[in-house]
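Notes for the one structure printed next.
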Amino acid sequence: MQHIGSTKELIERNERRLVAITRKNLFATYDCINLQLRIHQIDISRFTVTKYLTLVGVGSNFEAYKPALPEENRKRRLRWAKEQANWAMEQWGNVIWSD
């Protein structure tokens, strides 16, 4: 009997491999994922990668932009930490951390 309709792009084993590659590095680019898939002779389009990752709940992730700490602030933090190096536990109990 002939198969009617579109074929499944990924077999289950390759689908699991795609998810495993992505979960190892949640911020991997498509090119990085595709390179690792090609090592295992899996050649699929960007659309298919995106579709399967969305279906299994991985989706896409973007690393948050965090500006570098200016040199002056870094020095001030270090100076403050050195000044408080010998504080007692009671003194640390009065500190309110904002981050």
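Take -19 as the starting number for the sequence shown in this note's numbering and just add one per residue.
For glycine and all other residues, C-beta sits at the position ideal for the given N, C-alpha and C.
From a predicted model like this one, the values you see are computed outputs, not experimental measurements.
Buried/exposed call for leucine 49, threshold 16 Cβ in 10 Å
That one is exposed.
I need the DSSP call for lysine 62, collapsed to helix, strand or coil.
Three-state result, lysine 62: helix.
Are there 16 or more other CB atoms within 10 angstroms of the CB of leucine 35, so buried, or fewer, so exposed?
Counting the other CB atoms within 10 Å of its CB gives leucine 35 a total below 16, which places it among the exposed residues.
When we look at the beta-carbon of leucine 15 and count the other beta-carbons within 10 Å, is it buried (16 or more) or exposed?
Taking all protein chains in view, the Cβ of leucine 15 is surrounded by fewer than 16 other Cβ atoms within 10 Å, so the residue is classified as exposed.
Please classify aspartate 84: does DSSP put it in a helix, a strand, or coil?
The structure shown has nothing for residue 84, since the chain only spans -19 to 79.
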